[in-house]
Amino acid sequence: MLYAMMATTLAGLATALGGALGALYRPGRQGMAFSMGFGAGIMVAISLMDMLPAALGRYLAAFCPLRAGAMAASLVLLGLAAGWLLERVLPEETALAGEEGRVLRSALITALALVGHNLPEGVMTLFASLEDPEVGTRLAVAIGLHNLPEGLAVALPVFYATGSRGRAFLAALASGLAEPAGALLAFGALGGHITVGLVTGMAALVSGVMCWVSTAQLLPTALSLGRKETAAAGFGAGLLVMTLGIALLS
Numbered sequence: 002m003l004y005a006m007m008a009t010t011l012a013g014l015a016t017a018l019g020g021a022l023g024a025l026y027r028p029g030r031q032g033m034a035f036s037m038g039f040g041a042g043i044m045v046a047i048s049l050m051d052m053l054p055a056a057l058g059r060y061l062a063a064f065c066p067l068r069a070g071a072m073a074a075s076l077v078l079l080g081l082a083a084g085w086l087l088e089r090v091l092p093e094e095t096a097l098a099g100e101e102g103r104v105l106r107s108a109l110i111t112a113l114a115l116v117g118h119n120l121p122e123g124v125m126t127l128f129a130s131l132e133d134p135e136v137g138t139r140l141a142v143a144i145g146l147h148n149l150p151e152g153l154a155v156a157l158p159v160f161y162a163t164g165s166r167g168r169a170f171l172a173a174l175a176s177g178l179a180e181p182a183g184a185l186l187a188f189g190a191l192g193g194h195i196t197v198g199l200v201t202g203m204a205a206l207v208s209g210v211m212c213w214v215s216t217a218q219l220l221p222t223a224l225s226l227g228r229k230e231t232a233a234a235g236f237g238a239g240l241l242v243m244t245l246g247i248a249l250l251s
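Taking the numbering used here, the leading residue of the sequence shown gets 2, the next gets one more, and so forth.
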């Protein structure tokens with residue numbers, strides 16, 4: 002159990018490492034537009050090239066194509082609704098006004114969405130490590146490497162909005178610690194009752210949340226900060242980085 006928790010914690014802490022890199026340099030408006038587009042590209046790639054295909058593949062292995070597609074699509078739509086609700090629940094006003102306030106609010110919503118994404122990852126890493134430490138180690142390394150750009154996506158907007166390296170790093174750290182915390186809570190509450198179906202459903206649901214955050218928060222904020230070409234370049238860079246990461250680590 003100790004080794005499994007260590008592997009899960011180290012995978013989550015890679016988000017904090019990405020956050021530390023993001024806190025090194027405070028971008029200007031155009032740099033922030035690129036960064037917000039980059040974050041959107043990362044989240045879209047994770048959702049539509051990793052989490053959703055994996056969930057759909059598992060459903061297709063167990064059900065007929067129509068039922069599998071309906072289940073996956075229903076969970077994604079539910080995730081979109083959850084993303085909308087998350088945006089509505091968070092107050093419009095933040096501690097900062099104007100442009101910095103909008104960026105900070107987008108950063109908070111992004112961090113919460115990534116917390117939801119990290120929960121099933123933590124559960125998978127913990128239970129894989131308990132069943133087979135070698136498999137768990139490979140999974141922890143893969144998850145840790147693709148957590149690095151996630152930390153950047155959280156830390157950069159927080160640093161831009163607040164000017165505080167400490168707050169930027171702590172926001173990324175809190176997002177990453179959702180992996181071991183979620184895994185520990187799941188183990189304590191459900192123990193051996195965690196199933197592949199449950200983790201699959203969580204992944205499909207969270208992919209919908211992340212799609213909402215990308216299209217309703219990150220991209221509009223990026224477009225409001227700089228030229229559309231800059232936001233689009235950031236989006237493309239995020240897609241490229243995460244697509245390569247998914248391909249290399251799959």
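Even glycine gets a Cβ: it sits at the ideal position worked out from N, Cα and C.
Keep in mind that this is a model prediction, so the values were computed, not measured.
Across the structure, residue 80 and residue 134 are spaced so that their CA atoms are roughly 32 Å apart. Rounded to the nearest angstrom, the gap between the Cα atoms of residue 188 and residue 168 is 30 Å. Judged by DSSP secondary structure, residue 59 falls within the alpha helix (DSSP H) whose first and last residues are 53–63. Inclusion of residue 44 and residue 108 in the CB contact set at 9 Å is not warranted, their separation being larger than that value. Uninterrupted alpha helix (DSSP H) stretches at least 4 residues long and entirely within the region 118–176 occur at 134–163, given in chain order. Residue 4 carries a helical assignment under DSSP once its states are collapsed to helix, strand and coil. Residue 231 holds the alpha-carbon nearest to the alpha-carbon of residue 29 among 143, 242, 231.
Pairwise C-beta distances place the region 162–177 in contact with the region 12–25, as three or more of them are shorter than 8 Å. Within its own chain, the residues whose Cβ lies closer than 6 Å to the Cβ of residue 39, once the five positions on either side in sequence are excluded, are 235, 238, 239, listed in chain order. In terms of CA proximity to residue 208, 76 leads the group 76, 60, 10.
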